[in-house]
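Chemist:
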Amino acid sequence: MSVAHLLIGGKAVAGAGEPIAVENPYTTETVATVASASPEQLDAAVAAAREAFESWSRTPALERGEMLHEVARRLRESGEELARTMTSEGGKPLIENRDEIEWCAAAFDYYAEIGRDSAGRVIPPI
6 MSVAHLLIGG KAVAGAGEPI AVENPYTTET VATVASASPE QLDAAVAAAR EAFESWSRTP
66 ALERGEMLHE VARRLRESGE ELARTMTSEG GKPLIENRDE IEWCAAAFDY YAEIGRDSAG
126 RVIPPI
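Using this note's numbering, the first residue of the sequence shown is number 6, and each one after it goes up by one.
1) Would you call the region 63-83 and the region 21-29 touching, i.e. three or more CB-CB distances under 8 angstroms?
2) Less than 8 angstroms between the C-beta atoms of Ala42 and Ala21, yes or no?
3) Use the C-beta contact count for Phe4: other C-beta atoms within 10 angstroms, 16 or more gives buried, fewer gives exposed.
4) Is DSSP giving Glu34 helix, strand or coil here?
5) Beta-carbon within less than 6 angstroms of Val76's beta-carbon, same chain only, minus the 5 sequence neighbours each way: which residues are those?
6) Per DSSP, Leu11 is paired with what?
7) Among the residues of its own chain, which have a CB less than 8 angstroms from the CB of Pro129, if the five just before and after it don't count?
8) Identify every residue that forms a DSSP beta bridge with Val27.
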């Protein structure tokens, strides 16, 4: 079974820590193996997130909204696969995980639109 990588600064990185087995709580079968980060990789991920936040903060609200709508679209597009993965790793019924994916997508759509106030004006970036 392959080990899922870390994503740091938009790049796939092999974890320097000990891989972590993800087990189905019902069958105890290992359904995935994920990477774990070293303290240095954690620091690099936090630094990359801070850098991304600076860029995101300067992005106009309408553009941010478009990106958030795209996240919602991709969640819905991958919803069945995500729901099945969540079921195998968490044991929650598939129907509930399908709902959870839709709720997440709806939240992204909601926050994509919240950059506008009730008068339809766009709130400028910070």
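Here a beta-carbon is modelled for each residue, glycine too, at the ideal position from N, C-alpha and C.
Modeler: So, from the listed chains and residues:
1) The answer is no - the region 21-29 does not touch the region 63-83, with fewer than three Cβ pairs under 8 angstroms.
2) yes
3) Only positions 6 to 131 of the chain appear in the structure, and residue 4 is not among them; the question remains open.
4) Three-state result, Glu34: coil.
5) Phe113
6) Val18
7) Pro65 and Ala66
8) Ala37
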